[in-house]
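K.L.:
Please find one structure pasted underneath; my questions will follow.
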Amino acid sequence: MGLENSMSESAGSSQKRKGLKTYWWKIIAALFVLYTIIAGFIIPVPAQAILHETIRNLYFHVPMWFAMMTILFVSLWYSIKNLANPNAENDMIASQAANVGLVLGALGLATGSVWARYTWGAWWVADTKLNGAAITMLIYFAYFILRGSINEEQKRGRISAVYNIFAYIMLIVFLMILPRMTDSLHPGNGGNPGFNQYDLDRNMRMVFYPAVIGWILLATWMLTLSVRLEKIKRKLLFNE
Amino acid sequence: MLFQQIKYLIVKEIKLEMRNKYALGGILIYVVSTVFVSYLSFKQVINPATWNALFWIILLFASINAVAKSFLGETGGRSLYLYTLTNPQAVILSKIIYNSLILIVLSGLCLAAYSLLIGNLIQDTALFLLTLLLGSLGFSSLLTMVSAIASKTSNNFTLMAILSLPIMLPLLMVLIKLSRNAIDGLELWDWNSLLILFFLNVIIVSLSYLLFRYLWRD
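These protein sequences, in sequence, are chains Z and Y. Mind the numbering: the first sequence is residues 27 to 266 in my numbering, read in order. Mind the numbering: the second sequence is residues -5 to 212 in my numbering, read in order.
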């Protein structure tokens, strides 16, 4: 019963009561991402040998990965919550967060691939971070296939939560181990200097940090929207 | 109490396996025939990198096949009986230990057939055997847990491969690196990687122990 109450509340009536207090962060998300797009293409960047103007991709590619890791952590968190206290809402948030994480991962792969083409010379190169990204995508595709093959709802939530926790921890281990074993073309690994040392100047920081915050907030917004959509779909299903 | 239960459950697994020997025999023949197919395809001795990769790929798929059936028997009334008698954690730990035994036998046979037919390039046998042992333990604990997850679904065999392959990669990368060192016969053992391998095993077993309590109930 508690579930239906919370559903109807968040899907319908609460819309009127929402003031600036509840959606200020959505305004910040939109403003920051918009600012990143405009300032990112206008503000001058330091001239670097191989990077040239592609350095502007830093404002898009890197924040997307940060947002993905954050939102996948949210997915892990709600999976743990779902095991401790099984209910439909926790499971819904965990699965929708994984969904948003996959979208951000695909965006990160696309922007990274374009960047790699113009700096390293190929759409895909043998690099530890690229392998890590590919495995992340594979794990979460497997997660959705697992969800798809269990029909009973409670069982689906429980078992996919177990897989989510297991896979996330193995993924973290993988991301920690691999960079120790091989060199990477990415900055800050394998003898390459990190961006922070000298090429990220004050102008770039002024765009990069808002971009990170903006993308993480945007991802959270996407998550809340898809959870609400899922709840409405479910409500329609109940009413049929 | 827990150890007592684990001991009985392992004995139960061995008894069941002995009652229907063709399942174990099937897996052993699977390894030998895969090795034979690769021997006929490659024709001659291959370079160390290929030797190493091929060996681990054969062992990887043979292990998936060997462990995939471990929760198949535990359905319906039998599992209900099992879980009312014993602690669920004893069940997963006993299955991990039993599968480790199976995989140790399997990897030994795989190594024997492989070095007989394709050739033995290993220079540091002690390190290779240690890697093989740690690898079998890691494979068995990870695959046992994944097979427990996959057994709850409708299309369990495809899922077994899809779910296990991406999360097995950290293990596989360390194993391939260590066994490459053993093939090249490096003077110094890479204790760092051995330590990583050991802790990966510890992490997987403790995760299985913690998470299985949410898994067994239908």
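Virtual Cβ for every residue (Gly too), placed ideally from N, Cα, C. Treat the numbers as computed from the prediction; the structure is a model and nothing was measured.
1) For the segment 66 to 95 of chain Y, which residues have a beta carbon sitting closer than 8 Å to at least one beta carbon of chain Z?
2) With a cut-off of 9 Å, does the C-beta of LEU105/Y fall near any C-beta of chain Z?
3) Are the beta-carbon atoms of LEU164/Z and PRO160/Y separated by less than 9 Å?
4) Pick out whichever of ALA155/Y, LEU123/Y, ASN149/Y and THR125/Y has its Cα sitting closest to the Cα of LEU136/Y.
5) Please identify the residue among ILE76/Z, ARG260/Z, GLU256/Z and LEU244/Z whose C-alpha is closest to the C-alpha of LEU57/Z.
6) So, TYR208/Y versus GLN83/Y, is the Cβ gap smaller than 9 Å?
7) Identify, in the order they occur along the chain, each residue of the same chain with its Cβ nearer than 8 Å to the Cβ of ASN190/Z, setting aside the five sequence neighbours on each side.
8) May I ask you to report which of helix, strand or coil DSSP gives LEU105/Y?
9) Alpha carbon to alpha carbon, how far is LEU172/Z from GLU179/Z?
10) Just to confirm the assignment, what range does the alpha helix (DSSP H) spanning PRO160/Y have?
11) Leaving out the 5 sequence neighbours to the left and right, which residues in its chain are closer than 8 Å to GLU256/Z when beta-carbon positions are compared?
12) Against chain Z, does LEU203/Y count as a neighbour if the rule is that its beta carbon must be under 9 Å from one of theirs?
13) Return the CA-CA distance between ILE86/Y and ILE143/Y, expressed in angstroms with no decimal places.
14) Please confirm whether PRO160/Y has its beta-carbon closer than 9 Å to some beta-carbon of chain Z.
15) Would you say ILE198/Y reaches chain Z, if we count a Cβ-Cβ gap shorter than 9 Å as a contact?
16) Just to confirm my understanding: we take PHE133/Y, look at its own chain, exclude 5 residues before and 5 after, and list those with CB closer than 6 Å. What are they?
17) Name the residue from LEU180/Y, ALA176/Y, ASN195/Y and ARG174/Y whose alpha carbon lies nearest to the alpha carbon of MET162/Y.
18) With distance defined between alpha-carbon atoms, name the residue in LEU180/Y, LEU172/Y and ILE198/Y nearest to ASN186/Y.
19) If distances are taken between C-alpha atoms only, which option among ASP178/Y, GLU7/Y and ILE197/Y comes closest to ASN93/Y?
20) Which residues of chain Z have a Cβ atom closer than 7 Å to the Cβ of SER148/Y, listed in chain order?
21) Taking 9 Å as the CB-CB cut-off, is LEU57/Z touching chain A?
22) Within 10 angstroms of the Cβ of ASN229/Z, are there 16 or more other Cβ atoms? Answer buried if so, exposed if not.
23) Spell out a yes or no on whether the segment 151 to 164 of chain Z and the segment 71 to 89 of chain Z are touching, meaning 3 or more CB-CB pairs, one atom from each, closer than 8 Å.
24) Could you check whether the Cβ of ILE191/Z sits closer than 9 Å to any Cβ belonging to chain Y?
25) Does DSSP put ARG211/Y in a helix, in a strand, or in coil?
26) List the residues of chain Y whose Cβ lies closer than 9 Å to the Cβ of ILE106/Z, in chain order.
27) Express the C-alpha separation of LEU128/Z and THR246/Z in angstroms, rounding to a whole number.
28) Please name the residue, chosen from LEU3/Y, ALA120/Y and LYS89/Y, that lies closest to PHE65/Y on a Cα-to-Cα basis.
29) Taking 8 Å as the cut-off, is the C-beta of LEU34/Y nearer than that to any heavy atom in the ligand MG?
30) Using 9 Å as the limit for Cβ to Cβ distance, is LEU135/Z near chain Y?
31) From TYR235/Z, LEU77/Z and LYS259/Z, pick the residue whose C-alpha is nearest to that of PHE92/Z; which is it?
32) Could you give the DSSP three-state label for ARG72/Y: helix, strand or coil?
33) Taking 9 Å as the threshold (beta carbon to beta carbon), is PRO42/Y in contact with chain Z?
34) Going by alpha carbons, who is nearest to ALA176/Y out of GLU11/Y, GLY19/Y and PRO42/Y?
35) What in chain Z is Cβ-close to LEU209/Y, meaning under 9 Å?
36) Could you check what DSSP says for SER36/Z in three-state terms: helix, strand or coil?
P.N.:
With the given structure in hand:
1) none
2) Position 111 of the second sequence, counted from the start, is the residue given in the question as residue 105/Y. It does not: the Cβ of LEU105/Y has no partner Cβ on chain Z nearer than 9 Å.
3) Residue 164/Z sits at position 138 when you count from the first residue of the first sequence. Residue 160/Y sits at position 166 when you count from the first residue of the second sequence. In this structure, PRO160/Y lies closer than 9 Å to LEU164/Z by Cβ.
4) Translated into the one-based positions of the second sequence, residue 136/Y becomes position 142. Ranking the options by Cα distance to LEU136/Y, first place goes to ALA155/Y.
5) Locating residue 57/Z in the first sequence gives position 31, where the first residue counts as 1. When each option's Cα is compared against that of LEU57/Z, the closest is LEU244/Z.
6) Numbered from its first residue, the second sequence carries residue 208/Y at position 214. Numbered from its first residue, the second sequence carries residue 83/Y at position 89. Taking 9 Å as the Cβ cut-off, TYR208/Y and GLN83/Y do not qualify as a contacting pair.
7) Taking the first residue of the first sequence as position 1, residue 190/Z is located at position 164. SER101, LEU102, SER105, ALA120, ALA124 and TYR169.
8) The residue you call residue 105/Y lines up with position 111 of the second sequence. Note: LEU105/Y maps to helix in three-state DSSP.
9) Taking the first residue of the first sequence as 1, we reach residue 172/Z at position 146. Taking the first residue of the first sequence as 1, we reach residue 179/Z at position 153. In a straight line, the C-alpha of LEU172/Z is about 12 Å away from that of GLU179/Z.
10) Your numbering for residue 160/Y matches position 166 in the second sequence. It spans 150 to 178 - the alpha helix (DSSP H) in which PRO160/Y sits, taken as one unbroken run.
11) Position 230 of the first sequence holds residue 256/Z. So the list reads MET118 and GLN122, once near-sequence residues are dropped.
12) Position 209 of the second sequence, counting from 1, holds the residue named residue 203/Y. The residue you asked about is not Leu; residue 203/Y is Tyr in the sequence shown. Closer than 9 Å: no.
13) Translated into positions along the second sequence, residue 86/Y becomes position 92. Translated into positions along the second sequence, residue 143/Y becomes position 149. Going by the C-alpha atoms only, they are around 12 Å apart.
14) Counting from one through the second sequence, the residue named residue 160/Y turns up at place 166. Yes, its Cβ sits closer than 9 Å to a Cβ of chain Z.
15) Here residue 198/Y refers to the residue found at position 204 of the second sequence. The beta carbon of ILE198/Y falls within 9 Å of a beta carbon belonging to chain Z, placing the residue at that interface.
16) Counted from its first residue, the second sequence places residue 133/Y at position 139. Sequence-distant partners of PHE133/Y (beyond 5 residues in either direction) whose C-beta falls short of 6 Å from its own C-beta, in its chain, are SER57 and LEU97.
17) Residue numbering aside, residue 162/Y sits at position 168 when the second sequence is read from its first letter. The shortest C-alpha separation from MET162/Y is found at ASN195/Y.
18) Taking the first residue of the second sequence as position 1, residue 186/Y is located at position 192. Nearest C-alpha to ASN186/Y: LEU172/Y.
19) By one-based count along the second sequence, residue 93/Y stands at place 99. Out of ASP178/Y, GLU7/Y and ILE197/Y, GLU7/Y has the C-alpha closest to the C-alpha of ASN93/Y.
20) Sequence index remark: in the second sequence, residue 148/Y carries index 154 (1-based). Those within 7 Å of SER148/Y in chain Z are SER175.
21) No chain A appears in this structure, whose protein chains are Z and Y.
22) As a working note, residue 229/Z is residue 203 in the first sequence. ASN229/Z is exposed by the Cβ-count criterion.
23) no
24) If you number the first sequence from 1, residue 191/Z lands on position 165. Judged by the 9 Å Cβ criterion, ILE191/Z is in contact with chain Y.
25) Counting from one through the second sequence, the residue named residue 211/Y turns up at place 217. Here ARG211/Y sits in coil by DSSP.
26) Here the question's residue 106/Z lines up with position 80 in the first sequence. Neighbours of ILE106/Z on chain Y: none; closest Cβ ~10 Å, over 9 Å.
27) Within the first sequence, numbered from 1, the residue matching residue 246/Z stands at position 220. Within the first sequence, numbered from 1, the residue matching residue 128/Z stands at position 102. About 14 Å.
28) By 1-based counting over the second sequence, the position of residue 65/Y is 71. The alpha carbon of PHE65/Y has as its nearest neighbour, out of LEU3/Y, ALA120/Y and LYS89/Y, the alpha carbon of LYS89/Y.
29) Of the ligands one can find in the structure shown there are none, so the ligand MG has no counterpart to examine.
30) Here residue 135/Z refers to the residue found at position 109 when the first sequence is read from its first residue. No, no contact with chain Y.
31) Locating residue 92/Z in the first sequence gives position 66, where the first residue counts as 1. Among TYR235/Z, LEU77/Z and LYS259/Z, the Cα nearest to that of PHE92/Z is on TYR235/Z.
32) Sequence index remark: in the second sequence, residue 72/Y carries index 78 (1-based). ARG72/Y falls in the helix class under three-state DSSP.
33) Taking the first residue of the second sequence as position 1, residue 42/Y is located at position 48. No, no contact with chain Z.
34) Your numbering for residue 176/Y matches position 182 in the second sequence. The residue with the shortest Cα to Cα distance from ALA176/Y is PRO42/Y.
35) Mapped onto the second sequence, residue 209/Y falls at position 215. Listed by position along chain Z, the residues whose Cβ is nearer than 9 Å to that of LEU209/Y are ARG184, ILE185 and VAL188.
36) One-based indexing of the first sequence puts residue 36/Z at position 10. For SER36/Z, the pLDDT reaches just 47, beneath the cut-off of 50, and the residue's location in the model is therefore unreliable, although a value from the coordinates is still provided. SER36/Z: helix per DSSP, three-state reduction.
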